[in-house]
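Using this note's numbering, read the sequence shown as starting at 203 and increasing by one per residue.
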Amino acid sequence: MAQTTPEADWVSRFADEVIAEAERRAPGKPIVCASGLSPSGPIHLGNLREVMTPHLVADEIRRRGHACEHIISWDDYDRYRKVPAGIDPSWEQHIGKPLTAVPAPPGSEHPNWAEHFKAAMVDALRELGVEFRGISQTQMYTSGAYREQILLAMRERDTIDAVLDRYRTKGKNGAKKNQKPVDEAELAAAEGSGAASEDDGSSGAGYYPYKPYCGACGTDFTTVTSYDDTTTEMAYECRCGHRETVLLNEFDRGKLVWKVDWPMRWAYEGVVFEPSGVDHSSPGSSFVVGGQIVREVFGGEQPIGPMYAFVGISGMAKMSSSKGGVPIPSDALEIMEAPLLRWLYARRRPNQSFKVAFDQEIQRTYDEWDALVKRIDEGTAQPADVAAHARSVRTATGALPVTPRPLPYRTLASVADVTQGAEDQILRILGELDPANPVENLDVTRPRLDRAERWISTQVPEDQRTRVREEPDAELLASLEDHQREALRLLLDGLDEHWSLDGLTTLVYGVPKVQAGLTPEAKPTPELKVAQREFFALLYRLLVSRDTGPRLPTLLLAVGADRVRKLLGA
203 MAQTTPEADW VSRFADEVIA EAERRAPGKP IVCASGLSPS GPIHLGNLRE
253 VMTPHLVADE IRRRGHACEH IISWDDYDRY RKVPAGIDPS WEQHIGKPLT
303 AVPAPPGSEH PNWAEHFKAA MVDALRELGV EFRGISQTQM YTSGAYREQI
353 LLAMRERDTI DAVLDRYRTK GKNGAKKNQK PVDEAELAAA EGSGAASEDD
403 GSSGAGYYPY KPYCGACGTD FTTVTSYDDT TTEMAYECRC GHRETVLLNE
453 FDRGKLVWKV DWPMRWAYEG VVFEPSGVDH SSPGSSFVVG GQIVREVFGG
503 EQPIGPMYAF VGISGMAKMS SSKGGVPIPS DALEIMEAPL LRWLYARRRP
553 NQSFKVAFDQ EIQRTYDEWD ALVKRIDEGT AQPADVAAHA RSVRTATGAL
603 PVTPRPLPYR TLASVADVTQ GAEDQILRIL GELDPANPVE NLDVTRPRLD
653 RAERWISTQV PEDQRTRVRE EPDAELLASL EDHQREALRL LLDGLDEHWS
703 LDGLTTLVYG VPKVQAGLTP EAKPTPELKV AQREFFALLY RLLVSRDTGP
753 RLPTLLLAVG ADRVRKLLGA
């Protein structure tokens with residue numbers, strides 16, 4: 203098998219950099235890699251890059267024997283911004299409250315909005331082999347864990363305001379002229395770490411980097427009107443009319459504004475590596491501003507971290523977690539095995555965009571994966587590809603479940619389609635694919651078989667499903683020309699001898715060659731390819747009443763020899 207080297211792939215290169223940086227900053231201490239996720243709605247496949255990038259780097263660091271922790275900060279103390287599509291409009295009354303104070307969507311078993319959307323992600327990460335320590339920002343803020351950091355930020359509010367003011371005046375014209383524009387969908391898709399669009403604490407009453415939640419209505423439609431550094435006495439007023447004066451050194455019902463909160467956490471947790479989304483590419487963004495605030499206010503350092511690119515869905519519009527119906531990691535894991543989904547994130551550098559296929563492209567993705575495995579087994583794969591595969595099938599703590607006998611996904615999908623999931627028929631067909639090495643138990647084809655069946659049942663429209671005819675198409679058979687009848691006779695005469703996947707492949711492609719006076723092994727000419735397409739279309743019409751369908755060798759095996767003979771007029 204081909205061997206990788208430490209510098210062969212992007213994960214190893216970042217691991218090198220992070221280990222060196224951690225040794226400089228805090229020798230001997232565990233290395234901290236971080237992600238941030240806001241459970242404000244479905245945590246989608248774009249947000250998953252926020253987790254997979256540091257996971258892969260942290261896992262490589264662990265493989266090398268270093269103590270390394272991957273933390274995920276759940277931004278569940280963020281404000282509830284808007285009611286997503288499909289949710290009762292009455293939830294509008296909760297806008298401005300912390301996500302953990304908003305009721306879960308109707309019918310949910312979870313105690314609040316944040317826990318509802320967090321749960322699906324936690325389950326998916328477990329299946330993906332992602333080890334992490336979750337940190338609830340609700341728990342951290344309401345327990346007083348950040349009290350000293352909050353008091354420090356309020357004392358240094360003029361310093362923070364000055365940092366922010368360097369960018370407020372730049373406006374849109376502050377960006378470089380050659381900077382690649384970032385569209386609205388990409389900004390929304392990248393909004394995984396905190397509240398990128400949250401205000402920065404400015405108000406007519408002065409600058410305060412802290413936002414209290416109202417003691418009367420529970421929302422953050424509040425304005426701090428005064429603060430005393432010596433006593434920590436803070437006065438605020440709310441849109442609802444409520445006014446309150448509290449001692450901030452005892453008050454735990456509020457949070458730092460996002461552009462201060464994020465750098466505060468970098469210093470508090472000692473984060474060495476954390477990626478950021480495309481919303482951090484512009485001057486004045488949270489990451490750029492945070493780098494100055496963490497040094498000037500909190501005495502810490504900005505993490506190393508790449509900006510990660512957009513993740514799309516094949517056949518769908520760009521994702522936004524603020525809209526309903528976007529695929530989440532658990533949706534992908536229903537139709538593909540965990541190692542394959544890991545591979546999609548491992549094989550591309552963070553700044554490279556890619557798509558996760560939910561349409562027919564998933565078959566091509568699986569073909570690429572199987573071809574890679576074959577090259578690895580043969581020792582011909584490139585080192586970076588070997589590394590990406592190794593990171594996909596196992597973590598530092600163990601291997602992920604794999605299918606013992608991974609038959610082609612497109613074959614399994616076709617069989618599941620034609621049989622409508624009937625296990626006895628599936629076993630019969632799979633047992634005939636390779637008579638020399640028959641499948642004798644469906645368990646050896648799982649979990650890939652289950653994923654293919656799920657893809658057929660949930661992602662393939664009903665009008666594209668395959669329905670084998672019950673009776674021959676007598677009208678079509680009666681209208682056939684002599685060369686078409688001859689083609690069917692050649693196919694039927696060769697069925698018994700060629701009854702396997704490879705044999706039927708040779709047979710169906712060979713019939714037009716034989717009719718043209720060539721051998722079945724002859725290379726096809728352009729004219730021959732036309733004849734093959736016409737022959738295939740005829741078979742599809744006779745078998746499934748359409749011009750196209752699953753690969754013909756698989757379809758013939760699925761239909762069965764006797765029924766094929768009947769439908770082809772034997």
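Glycine is no exception: its CB is placed at the ideal position from the N, C-alpha and C atoms. All of these numbers come straight from a predicted model, not from anything done at the bench.
Check, Outcome
"Meets three-Cβ-pair contact criterion under 8 Å: the segment 454-471 and the segment 491-510", "yes"
"Whole runs of the beta strand (DSSP E) within the segment 231-307, excluding any shorter than 3 residues", "233-239, 270-276"
"Neighbourhood of I506 by C-beta distance below 7 Å, restricted to the same chain and skipping five residues each side", "E219, V220, E223, V474, F475"
"Alpha carbon of G600 to alpha carbon of D626, nearest angstrom", "34 Å"
"Simplified DSSP assignment, three categories, for F500", "coil"
"Strand pairing of I564, partner residues [DSSP]", "Answer is none; I564 lacks a bridge partner."
"Cβ pair V513, F556 closer than 9 Å", "yes"
"Whole-number beta carbon distance between W545 and S594, since they are thought to touch under 8 Å", "4 Å"
"Residues near T707 in its chain [Cβ-Cβ closer than 7 Å; skip 5 each side]", "P755"
"Closest Cα partner of P529 within the set H272, A322, N639, L758", "A322"
"Rounded C-alpha distance that separates V259 from H272", "9 Å"
"Short Cβ contact (9 Å threshold) for A773 with A590", "Residue 773 lies beyond the range of the chain shown here (203 to 772); nothing can be said about it."
"Per DSSP, the bridge partner or partners of T597", "G600"
"Range of the contiguous beta strand (DSSP E) that encloses L449", "445-449"
"First through last residue of the alpha helix (DSSP H) which encompasses P414", "From DSSP, P414 is part of no alpha helix (DSSP H) but of the beta strand (DSSP E) over 412-414."
"When T302, D261, R251, L697 are compared against S242, the one with the closest alpha-carbon", "T302"
"Collapsed DSSP secondary structure at A418 in the structure displayed", "coil"
"Residue burial classification, T160 (beta-carbon count within 10 angstroms, cutoff 16)", "Any question about residue 160 goes unanswered here, given that the chain covers just 203 to 772."
"Beta-carbon separation (whole angstroms), N314 vs A326, contact threshold 8 Å", "That belief does not hold up - the Cβ atoms of N314 and A326 are roughly 20 Å apart, past 8 Å."
"Nearest-angstrom Cα separation, counted from T425 out to W293", "23 Å"
"The beta strand (DSSP E) enclosing M436, as first and last residue numbers", "435-440"
"Rounded C-alpha distance that separates T427 from G472", "33 Å"
"6 Å Cβ shell around G417 - same chain, five flanking residues per side excluded", "E446"
"Beta-carbon proximity of L614 to A654, cut-off 9 Å", "yes"
"Own chain partners of Q661 with C-beta closer than 6 Å, once the 5 adjacent residues on each side are dropped", "F560"
"Contacting residues, own chain, Cβ-Cβ under 6 Å from L758 (five flanking each side not counted)", "L706, V766"
"P411 classed as buried or exposed, judged by whether at least 16 other C-beta atoms fall within 10 angstroms", "buried"
"Length-filtered (4 minimum) alpha helix (DSSP H) runs lying within the segment 609-656", "611-621, 625-635"
"Cβ pair L644, A618 closer than 9 Å", "no"
"Three-state secondary structure (DSSP) of F475", "strand"
"DSSP state of G336 mapped onto helix, strand, coil", "strand"
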